[in-house]
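Colleague:
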Amino acid sequence: MVRIVQTLNGMPQLRESGFGLPWPRHGLKLLYWFSTRCISFDGNNEMVSRCNPRRGHFGFHYFNNTPDQDGLILLPDEELPYYMVGNLFSPGANRLPGYVREDRALNNGNKDRIIISLDDEMVDRVYVTSHIDDSEFDIDSTFRISRGLLTSIRRHQDVDDFLSEMDFHRRPAHPVQHVHVEVAPIRIRAAAAQVNRNPGFWETYCTIL
Numbered sequence: 008m009v010r011i012v013q014t015l016n017g018m019p020q021l022r023e024s025g026f027g028l029p030w031p032r033h034g035l036k037l038l039y040w041f042s043t044r045c046i047s048f049d050g051n052n053e054m055v056s057r058c059n060p061r062r063g064h065f066g067f068h069y070f071n072n073t074p075d076q077d078g079l080i081l082l083p084d085e086e087l088p089y090y091m092v093g094n095l096f097s098p099g100a101n102r103l104p105g106y107v108r109e110d111r112a113l114n115n116g117n118k119d120r121i122i123i124s125l126d127d128e129m130v131d132r133v134y135v136t137s138h139i140d141d142s143e144f145d146i147d148s149t150f151r152i153s154r155g156l157l158t159s160i161r162r163h164q165d166v167d168d169f170l171s172e173m174d175f176h177r178r179p180a181h182p183v184q185h186v187h188v189e190v191a192p193i194r195i196r197a198a199a200a201q202v203n204r205n206p207g208f209w210e211t212y213c214t215i216l
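For the sequence shown, position 43 matches number 50 in this note's numbering, and the numbering has no gaps at all.
Okay, structure coming up:
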């Protein structure tokens, strides 16, 4: 059974899709790298591959678009071969930028993927998806990325500018500091009676972003 894959056409749709969110997921950083370094557009607005998926550059490998255990196919069944990138432990993935690989050892830090259909040197379609376990992909979180959206991503000044628009917040730059403040007893005299207030304390957790 083949399902219709939703196409994301703009930055708001990408943000609302939840792909690559929240930290430490790497999908948005991977998508920025792919948009700005792995493809270019020719005079006919066709996508030209600047890397070589067939040779396994940057961890690309062939993706076999077969039905899952429920008989569903992740992507449209077409004649062009599919290639996947994003497994940060695949051979060749060490050539990806450090900002893509930096959180790969953390939980959910290696679950996102990009899949492309390739026609010789030309990239026909671009999809994003994510793992729900070690072998299966989340069909409901699989989207096609339009050429217009890829072009919008390429216009950003750098990866941080792109991540900021996506409301992607990186991990704290410094470890959490625990501050203990102890307050001395407060005594209040009212009329002939003395009221004692027990010592209090506050624990403040200050996170430097």
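Even for Gly, the Cβ is constructed at its ideal location relative to N, Cα and C.
What residues in its chain sit with their C-beta under 6 Å from that of residue 89, if we drop five residues either side in the sequence?
Modeller: As a working note, residue 89 is residue 82 in the sequence shown. Hits under 6 Å: 70, 72, 122 and 124.
Colleague: Rounding to the nearest angstrom, what Cα-Cα distance links residue 167 and residue 116 in this structure?
Modeller: One-based indexing of the sequence shown puts residue 167 at position 160. One-based indexing of the sequence shown puts residue 116 at position 109. Their backbone Cα atoms lie some 18 Å apart in a straight line.
Colleague: Would you mind reading off the limits of the beta strand (DSSP E) that contains residue 48?
Modeller: Locating residue 48 in the sequence shown gives position 41, where the first residue counts as 1. Its beta strand (DSSP E) spans residues 46–48.
Colleague: Residue range of the beta strand (DSSP E) that residue 125 falls in?
Modeller: Locating residue 125 in the sequence shown gives position 118, where the first residue counts as 1. From DSSP, the beta strand (DSSP E) with residue 125 extends over 119–126.
Colleague: For the beta strand (DSSP E) containing residue 152, list its first residue and its last residue.
Modeller: Residue mapping note: residue 152 aligns to position 145 of the sequence shown, counting from 1. Note, residue 152: beta strand (DSSP E), 150–152.
Colleague: Across the region 103–119 and the region 36–51, are there enough close Cβ pairs to call them in contact, namely three or more that are closer than 8 Å?
Modeller: yes
Colleague: From what residue to what residue does the alpha helix (DSSP H) around residue 24 run?
Modeller: Position 17 of the sequence shown, counted from the start, is the residue given in the question as residue 24. Note, residue 24: alpha helix (DSSP H), 18–24.
Colleague: Can the beta-carbon of residue 31 be found less than 8 Å from the beta-carbon of residue 103?
Modeller: In the sequence shown, counting from the first residue as 1, residue 31 sits at position 24. In the sequence shown, counting from the first residue as 1, residue 103 sits at position 96. Cβ distance not < 8 Å, so residue 31 and residue 103 don't count as in contact.
Colleague: DSSP three-state call for residue 35: helix, strand or coil?
Modeller: Within the sequence shown, numbered from 1, the residue matching residue 35 stands at position 28. Secondary structure of residue 35 (DSSP, three-state): helix.
Colleague: Under a three-way DSSP split, which group does residue 87 fall into?
Modeller: Taking the sequence shown and counting its residues from 1, the one referred to as residue 87 is at position 80. Of the three classes helix, strand and coil, the one that applies to residue 87 here is coil, per DSSP.
Colleague: Check the Cβ-Cβ distances between residue 76 and every residue of chain C, and say whether any is below 8 Å.
Modeller: Absent from the structure is chain C; it holds one protein chain and no more.
Colleague: How long is the line joining the alpha carbons of residue 79 and residue 10, rounded to whole angstroms?
Modeller: Taking the sequence shown and counting its residues from 1, the one referred to as residue 79 is at position 72. Taking the sequence shown and counting its residues from 1, the one referred to as residue 10 is at position 3. A straight line joining the alpha-carbon of residue 79 with that of residue 10 spans about 7 Å.
Colleague: Examine the Cβ distances between the region 60–69 and the region 136–145 and report whether three or more of them are shorter than 8 Å.
Modeller: Result no; under three Cβ-Cβ pairs closer than 8 Å.
Colleague: For residue 53 and residue 132, what's the separation of their Cα atoms in angstroms?
Modeller: By one-based count along the sequence shown, residue 53 stands at place 46. By one-based count along the sequence shown, residue 132 stands at place 125. Straight-line Cα distance between these residues: approximately 10 Å.
Colleague: Go ahead and pull the three-state DSSP assignment for residue 102.
Modeller: Counting from one through the sequence shown, the residue named residue 102 turns up at place 95. DSSP places residue 102 in helix when its eight states are reduced to three.
Colleague: Could you please give the first and the last residue of the uninterrupted alpha helix (DSSP H) stretch that includes residue 166?
Modeller: Indexing the sequence shown from 1 puts residue 166 at position 159. Taken as a continuous stretch (DSSP letters only), the alpha helix (DSSP H) holding residue 166 covers 166–172.
Colleague: Take the Cβ of residue 158 as the centre, count every other Cβ of all protein chains shown within 10 Å, and call the residue buried at 16 or more, exposed below.
Modeller: For this step, residue 158 is matched to residue 151 along the sequence shown. So residue 158 ends up on the exposed side.
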